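Let me begin by presenting the structure, written as structure tokens, before commenting on it.
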Amino acid sequence: MPRTTENTGEGRGSGHKGPAKGFAFGVASVTQALHGASFPITKEDLIREHGKEEVNWTKDSSESLGDILRDVDKDEFLSVADVASAVSEAHREEGEEE
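In UniProt numbering, the protein residues as written are 1 to 98.
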């Protein structure tokens with residue numbers, strides 16, 4: 001039977017791959033930053049309550065959740081999934097404009 005190892009994110013050459021457990025990028029990082037948010041919620045309230053949370057958008061860059069949400073065209077969210085979908089859509093549209 002193949003041996004499996006836990007993804008601890010200890011770095012290159014350690015035998016472990018990927019980010020440390022609990023560490024995410026992109027939309028997954030957005031959902032982590034929303035831990036404890038109550039829904040439904042307006043974009044304005046979400047920015048006020050969670051906007052300072054740092055989101056690891058890529059391995060090499062992070063932004064505040066507030067900055068990410070400002071680019072979203074939606075004014076109210078019904079769930080974490082609703083926020084994730086809106087952020088994904090805004091990011092996809094931004095990529096198409098470039």
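Beta carbons: idealized from backbone N, C-alpha and C, even for Gly.
Just so you know, these numbers come straight off a predicted model, no measurement behind them.
**Message:** I'd like the span of the beta strand (DSSP E) that includes residue 100, first residue to last.
**Reply:** Coverage of the chain is limited to positions 1 through 98, which leaves residue 100 absent and any answer about it impossible.
**Asked** Is the beta carbon of L34 sitting closer than 9 angstroms to the one on K52?
**Response** What you label residue 34 is simply residue 34 of the sequence shown in a count that begins at 1. What you label residue 52 is simply residue 52 of the sequence shown in a count that begins at 1. Contact: no.
**Prompt:** Can the beta-carbon of T42 be found less than 9 angstroms from the beta-carbon of D75?
**Reply:** Sequence index remark: in the sequence shown, residue 42 carries index 42 (1-based). Sequence index remark: in the sequence shown, residue 75 carries index 75 (1-based). Yes; because the gap between Cβ atoms is below 9 angstroms, this pair is in contact.
**Asked** Would you say A86 and D73 are within 9 angstroms of each other, going by their C-beta atoms?
**Response** Taking the first residue of the sequence shown as 1, we reach residue 86 at position 86. Taking the first residue of the sequence shown as 1, we reach residue 73 at position 73. Yes; because the gap between Cβ atoms is below 9 angstroms, this pair is in contact.
**Asked** In terms of alpha-carbon separation, which member of E49, K59 and L69 lies closest to residue 146?
**Response** This structure leaves residue 146 out entirely; the chain is present only between 1 and 98.
**Request:** Pull up the distance between the alpha-carbon of F39 and that of E93, whole angstroms please.
**Result:** Position 39 of the sequence shown holds residue 39. Position 93 of the sequence shown holds residue 93. About 25 angstroms.
**Message:** Judging by CA-CA distance, which residue of F25, H91, V83 and E89 is the nearest neighbour of H50?
**Reply:** The sequence position of residue 50 within the sequence shown is 50, counting from 1. For H50, the nearest C-alpha among the options comes from V83.
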